[in-house]
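*Asks:*
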Amino acid sequence: MDGARFHLRHVGLGGAGAELAVDAVARGQDDFLALGHGDERRNVRMEAIVTGRRLISQTLATVDLDALHDGSPVDYAAIMTDKPPHVYVILGNAQWDFADCQTALSRVPARMFSLPQTEVEDEMIARTRDADALVVSSAPVTRGVMSALEGLKVVVRTGVGYDVIDVPAATELGVIVVNIPDLWIREVANHALALLLAWNRGVVVMDRQVRAGAWSGRVPGSHTGALHGETVGIVGLGNIGSAFARRVAALETKVIACDPYVDDERFAALGVERVSLETLAERADYVSVHTLLNAETRHLIGEAFFTRMKPTAILINTSRGPVVDEQALARALRDKRLAGAALDVWEEEPVAASNPLLKMDNVIATPHAAYYSSAAVAQIPGRCGEEVARVLTGQRARNVVNPEVYAPGAARRAR
């Protein structure tokens, strides 16, 4: 046995199937630790290399060398006796330091792996087949993905919206879905207010004019009201919509809102008048959208809504792009059925350069950045890690999107 070589085929991390050739007996090496000295065989405790990196602090398997002496490939999963939970973080274009997530997961203990963004279902499955948890920003988590990942217990979305996750399928399959709904309430509300004020004061247009050498000494355009006494309509009076309502009320505006899922007590506490969506479109000088995206709200703001709006009104959207029918919006702006729009979110992201809305001077565009502040972003990794750790240690997640999975008798993969 001394000096013999064998191969391990590792399938435990993302199905990578990396072939590892290692010495059967490792005399003093960091990669392997010999345990015991039987006459007929030696057991080796494997703590070491996966795709060129040393795995630290976890015993992954105990391997009987006699079973491996002939050099035949061995299925790693078949001999794994102490596999820690695997957590895959898929962030797309987001540049976040997830060290705090790993710190939170250390009490499980669990291993965290960062993967590149993919929207292809088969690729997602191949990369995360052994996942116990997924943390996603914009990567789609479909029924097919969750069905294939038989060990998947929880999916955490790094923000408020969870339209990238098939929640009904998750509930049916017993997968817990978690979001982080309270991280950037102030940031998004502030961004919506900034867009409103930019329109009211003509900030973007004046900036362009001054840079071009013009100096008129007045705010250009038709929408230069005093703001106080004007009507602001809010579509969706949840956490962010409520924060926005408090901000615009401080500017002495009249605030109206439409949200069939919020009780009268919240409207009263905020001093907001409850109206129908149709009435809101007709009365508002500014419309700010703050609703989740689902089947009910997709293209909620469309042709019928724009037909009712004042020709001097402004539309602001910081919720989800597909809540607004962009083609209908472009037509309404072109036909001067409303004065302008300010959009942070788009039906297709990144927004295509050919999008007609980008060619209109009466549209203010920002790149889905309303959520951003350095303080809020710094909290994301730790918060996501804490939620995963709670589920993997048998506790209830704090922000459960599908609480039905906790109902008595409900199918749930995490116990």
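So the sequence shown is residues 1440 to 1854, counted in my numbering.
Glycine included, each C-beta is placed from N, C-alpha and C at the ideal position.
1. When DSSP labels each residue in this structure, what does E1589 get in the three-state scheme?
2. Below 8 Å on the Cβ atoms is my guess for V1840 versus N1618; work out the distance and round it to an integer in Å.
3. Assess contact between the region 1621-1634 and the region 1643-1659, defined as three or more Cβ pairs (one per stretch) separated by less than 8 Å. Is contact present?
4. Taking 7 Å as the limit between beta carbons, can you name the residues of its chain near G1760, skipping five residues before and five after?
5. What are the boundary residues of the alpha helix (DSSP H) that R1625 is part of?
6. Sort V1816, H1738, R1837 and A1846 by Cα distance to T1597 and report the nearest one.
7. With a threshold of 16 other CB atoms inside 10 Å of the CB of A1791, please say whether the residue is buried or exposed.
8. Within 10 angstroms of the Cβ of G1668, are there 16 or more other Cβ atoms? Answer buried if so, exposed if not.
9. Over the uninterrupted beta strand (DSSP E) stretch that includes T1567, give me the two end residues.
10. Under the three-state reduction of DSSP, which class applies to F1745: helix, strand or coil?
11. Could you check the C-alpha separation between V1714 and A1653 for me, to the nearest Å?
12. Just verifying my parser: in three-state terms, what is the DSSP assignment at S1545?
13. Can you give me the Cβ contacts of N1733 inside the same chain, cut-off strictly under 8 Å, excluding the 5 residues immediately before and after it?
14. Could you tell me the alpha carbon to alpha carbon distance between V1728 and Y1811, rounded to whole angstroms?
15. So, are the CB atoms of H1525 and A1543 less than 8 Å apart?
16. Which of helix, strand or coil does DSSP assign to G1451?
17. How many angstroms separate the CA atom of A1465 from the CA atom of P1523?
18. Which same chain residues, not among the five before or five after R1685, have their C-beta less than 7 Å away from its C-beta?
19. In chain order, what residues of the same chain have a beta carbon less than 6 Å from the beta carbon of V1701, not counting five sequence neighbours either side?
20. Give me the residue from R1770, I1819, A1814 and E1825 with the minimum Cα distance to K1798.
21. Taking DSSP as the reference, what is the three-state secondary structure of Y1845?
22. Output needed for V1706: all residues of its chain with C-beta closer than 8 Å, excluding positions within five of it in sequence on either side, in chain order.
23. Below 8 Å between beta carbons: does that hold for M1585 and A1565?
24. In the structure shown, what three-state DSSP assignment does V1575 receive?
25. Secondary structure at N1799, three-state DSSP: helix, strand or coil?
26. Grouping DSSP H, G and I as helix and E and B as strand, with all else coil, what is T1805?
27. T1757 and V1627: beta carbons closer than 8 Å?
28. For R1851 and I1624, I'd like the C-alpha separation in whole angstroms.
29. In terms of residue numbering, what span does the alpha helix (DSSP H) encompassing R1647 cover?
30. Of the residues R1546, D1764 and E1691, which one's Cα is nearest the Cα of I1740?
31. Tell me the DSSP bridge mates of G1672?
32. Whose C-alpha, out of L1796, A1637, E1721 and L1690, is nearest the C-alpha of A1752?
33. Tell me which residues share the same chain as Q1541 and place their Cβ nearer than 6 Å to its Cβ, disregarding the 5 neighbours each side in the sequence.
34. Shortest alpha-carbon distance to V1595 belongs to which of A1587, L1588 and V1614?
35. Would P1858 be called buried (16 or more neighbouring beta carbons within 10 Å of its own) or exposed?
36. Could you name the residues of the same chain whose beta carbon sits closer than 7 Å to that of D1621, not counting the 5 residues immediately before and after it, in chain order?
*Replies:* Walking through what the data contain:
1. Taking the first residue of the sequence shown as 1, we reach residue 1589 at position 150. Three-state DSSP puts E1589 in coil, outside helix and strand.
2. By 1-based counting over the sequence shown, the position of residue 1840 is 401. By 1-based counting over the sequence shown, the position of residue 1618 is 179. Confirmed, Cβ separation roughly 6 Å.
3. no
4. Here residue 1760 corresponds to residue number 321 of the sequence shown, with the count starting at 1. Excluding sequence neighbours, G1760 sits near V1784, W1785, E1786 and E1788.
5. Indexing the sequence shown from 1 puts residue 1625 at position 186. Residues I1624 to N1639.
6. Looking up residue 1597 in the sequence shown gives position 158. That would be V1816, whose Cα lies nearest to the Cα of T1597.
7. Within the sequence shown, numbered from 1, the residue matching residue 1791 stands at position 352. Per the 10 Å Cβ criterion, exposed.
8. Against the sequence shown, residue 1668 aligns to sequence position 229. Exposed is the call here.
9. The residue you call residue 1567 lines up with position 128 of the sequence shown. Counting along the chain, T1567 falls outside any beta strand (DSSP E), though it belongs to the alpha helix (DSSP H) covering E1560 to T1567.
10. Start at 1 with the first residue of the sequence shown, and residue 1745 comes out as number 306. In the structure shown, F1745 sits in a helix (DSSP, three-state: H, G or I).
11. Numbered from 1 along the sequence shown, position 275 holds the residue referred to as residue 1714. Numbered from 1 along the sequence shown, position 214 holds the residue referred to as residue 1653. Looking at the two C-alpha atoms, the distance is approximately 43 Å.
12. Numbered from its first residue, the sequence shown carries residue 1545 at position 106. DSSP places S1545 in coil when its eight states are reduced to three.
13. Taking the first residue of the sequence shown as 1, we reach residue 1733 at position 294. Result list for N1733: D1602, in chain order.
14. The count along the sequence shown starts at 1 and reaches residue 1728 at position 289. The count along the sequence shown starts at 1 and reaches residue 1811 at position 372. Distance between the alpha carbons of V1728 and Y1811: 18 Å.
15. Your numbering for residue 1525 matches position 86 in the sequence shown. Your numbering for residue 1543 matches position 104 in the sequence shown. Not closer than 8 Å, so no.
16. Within the sequence shown, numbered from 1, the residue matching residue 1451 stands at position 12. Confidence is the limiting factor: at G1451 the pLDDT is only 36, short of 50, which leaves the residue's position unreliable and the question unanswerable from this model.
17. Position 26 of the sequence shown, counted from the first residue, corresponds to residue 1465. Position 84 of the sequence shown, counted from the first residue, corresponds to residue 1523. Below a pLDDT of 50, predicted positions are generally treated as unreliable, and A1465, at 32, falls in that range; no measurement from the model is reported.
18. Mapped onto the sequence shown, residue 1685 falls at position 246. The residues are L1709.
19. Stepping through the sequence shown from its first residue, residue 1701 is reached at position 262. Closer than 6 Å at the Cβ level, and outside the excluded window around V1701, lie L1676.
20. Numbered from its first residue, the sequence shown carries residue 1798 at position 359. Nearest C-alpha to K1798: R1770.
21. Translated into positions along the sequence shown, residue 1845 becomes position 406. In the structure shown, Y1845 sits in a helix (DSSP, three-state: H, G or I).
22. As a first step, residue 1706 must be located in the sequence shown, where it is residue number 267. One detail in the question is off: residue 1706 reads as Phe in this sequence, not Val. Only L1676, A1696, E1712 and R1713 meet the Cβ criterion.
23. Taking the first residue of the sequence shown as 1, we reach residue 1585 at position 146. Taking the first residue of the sequence shown as 1, we reach residue 1565 at position 126. No; because the gap between Cβ atoms is not below 8 Å, this pair is not in contact.
24. As a first step, residue 1575 must be located in the sequence shown, where it is residue number 136. Reduced to three states, the DSSP call for V1575 is strand.
25. Start at 1 with the first residue of the sequence shown, and residue 1799 comes out as number 360. Note that residue 1799 is Met in the sequence shown here, rather than Asn. Here M1799 sits in coil by DSSP.
26. Indexing the sequence shown from 1 puts residue 1805 at position 366. Of the three classes helix, strand and coil, the one that applies to T1805 here is coil, per DSSP.
27. To locate residue 1757, count along the sequence shown from 1; it is residue 318. To locate residue 1627, count along the sequence shown from 1; it is residue 188. Cβ distance < 8 Å, so T1757 and V1627 count as in contact.
28. Sequence index remark: in the sequence shown, residue 1851 carries index 412 (1-based). Sequence index remark: in the sequence shown, residue 1624 carries index 185 (1-based). Cα-Cα distance, rounded: 30 Å.
29. Working through the sequence shown from its first residue, we reach residue 1647 at position 208. V1642 to R1650 is the extent of the alpha helix (DSSP H) around R1647.
30. What you label residue 1740 is simply residue 301 of the sequence shown in a count that begins at 1. Residue D1764 is the option with its Cα nearest to I1740.
31. Within the sequence shown, numbered from 1, the residue matching residue 1672 stands at position 233. BP columns for G1672 point to I1695 and V1726.
32. As a first step, residue 1752 is located in the sequence shown; it is residue number 313 there, counting from the start. Cα-wise, what sits closest to A1752 is E1721.
33. Here residue 1541 is taken as the residue at index 102 of the sequence shown, counted from 1. For Q1541, where only same-chain residues beyond five positions count, the Cβ hits under 6 Å are M1551.
34. Here residue 1595 refers to the residue found at position 156 of the sequence shown. The shortest C-alpha separation from V1595 is found at V1614.
35. In this structure the chain extends from 1440 to 1854, so residue 1858 is not present and cannot be described.
36. Here residue 1621 refers to the residue found at position 182 when the sequence shown is read from its first residue. N1678, listed in sequence order.
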